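These notes are about the structure you will find just below.
Residue numbers (the numbering used here): 124 to 316.
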């Protein structure tokens with residue numbers, strides 16, 4: 124008898140939860156802990172992208188190789204587009220775009236500055252260092268966007284996941300471009316200086 128009462132209560136509770144969940148409005152769903160966590164991570168990468176853009180221009184000016192200079196300028200342009208996409212994602216989530224200081228990106232950008240300070244101007248050693256610094260940034264971005272894309276599968280709007288997937292694809296292409304530059308000539312020339 125006790126089992127039958129418990130079972131009825133559980134079934135009633137499940138039914139109530141199922142009906143309540145389907146009746147929740149989007150704004151009620153947005154207040155979930157998961158939503159807050161996801162938005163907090165968006166704020167982190169938004170700050171990172173905003174602060175990366177000027178750093179990429181600095182790296183572009185510091186590079187010796189015209190191809191590396193062009194790669195940094197392209198990444199700068201891509202970052203501007205990614206910021207616009209992140210702003211759209213914030214809007215889809217009913218949130219205002221804003222950043223939250225990203226300690227990881229701040230540290231990576233500080234490292235990039237160190238590469239410039241610690242290497243000689245107009246050298247391929249500097250370019251090798253800049254590629255190293257830029258790939259550290261890329262790998263951070265790939266990890267962040269990859270995780271956000273995976274988390275977005277549990278959000279009500281599937282467009283968020285698609286947009287994050289698009290950004291992730293761009294980050295992976297940039298990483299491949301930097302690897303190609305390093306392997307095609309920068310590393311070998313740097314080793315000979």
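Every residue gets a Cβ at the ideal spot worked out from N, C-alpha and C, and that includes glycine.
Because the structure is a prediction, the values reported are computed rather than measured.
Classification of residue i by the beta-carbon crowding that lies within 10 angstroms, buried from 16 upward
{"i": "residue 66", "result": "Residue 66 lies beyond the range of the chain shown here (124 to 316); nothing can be said about it."}
{"i": "residue 242", "result": "buried"}
{"i": "residue 157", "result": "exposed"}
{"i": "residue 205", "result": "buried"}
{"i": "residue 172", "result": "buried"}
{"i": "residue 303", "result": "exposed"}
Straight-line gap, residue i to residue j (C-alpha atoms, nearest Å)
{"i": "residue 315", "j": "residue 215", "result": "51 Å"}
{"i": "residue 190", "j": "residue 240", "result": "21 Å"}
{"i": "residue 193", "j": "residue 183", "result": "7 Å"}
{"i": "residue 221", "j": "residue 271", "result": "17 Å"}
{"i": "residue 307", "j": "residue 263", "result": "24 Å"}
{"i": "residue 168", "j": "residue 228", "result": "9 Å"}
{"i": "residue 238", "j": "residue 282", "result": "38 Å"}
{"i": "residue 226", "j": "residue 277", "result": "27 Å"}
{"i": "residue 165", "j": "residue 236", "result": "25 Å"}
{"i": "residue 305", "j": "residue 155", "result": "45 Å"}
Residues near residue i in its chain [Cβ-Cβ closer than 7 Å; skip 5 each side]
{"i": "residue 218", "result": "162"}
{"i": "residue 224", "result": "170"}
{"i": "residue 274", "result": "161"}
{"i": "residue 265", "result": "291, 294, 295 and 298"}
Own chain residues within Cβ distance below 6 Å of residue i, not counting five before or after
{"i": "residue 201", "result": "293"}
{"i": "residue 267", "result": "168"}
Proximal residues to residue i (C-beta, below 8 Å), its chain only, five neighbours per side dropped
{"i": "residue 208", "result": "286, 289 and 290"}
{"i": "residue 203", "result": "176"}
{"i": "residue 309", "result": "188, 191, 247, 250, 251 and 254"}
{"i": "residue 232", "result": "174, 175, 178 and 260"}
{"i": "residue 301", "result": "194, 254, 257, 258 and 261"}
{"i": "residue 245", "result": "187"}
{"i": "residue 199", "result": "176, 179, 180 and 183"}
{"i": "residue 234", "result": "256 and 259"}
Boundaries of the alpha helix (DSSP H) in which residue i is found, first to last residue
{"i": "residue 317", "result": "Summary: the structure shown does not reach residue 317, with the chain confined to residues 124 through 316, and so no result is reported for it."}
{"i": "residue 237", "result": "226-241"}
{"i": "residue 327", "result": "The question about residue 327 has no answer here: the residues shown for the chain are numbered 124 through 316."}
{"i": "residue 298", "result": "281-304"}
{"i": "residue 221", "result": "Residue 221 -> no alpha helix (DSSP H), and no H or E assigned at all."}
{"i": "residue 245", "result": "No alpha helix (DSSP H) holds residue 245; DSSP gives it neither H nor E."}
{"i": "residue 314", "result": "310-315"}
Residue i CB to nearest heavy atom of the ligand GDP below 8 Å
{"i": "residue 308", "result": "You won't find the ligand GDP in this model; it holds no ligand whatsoever."}
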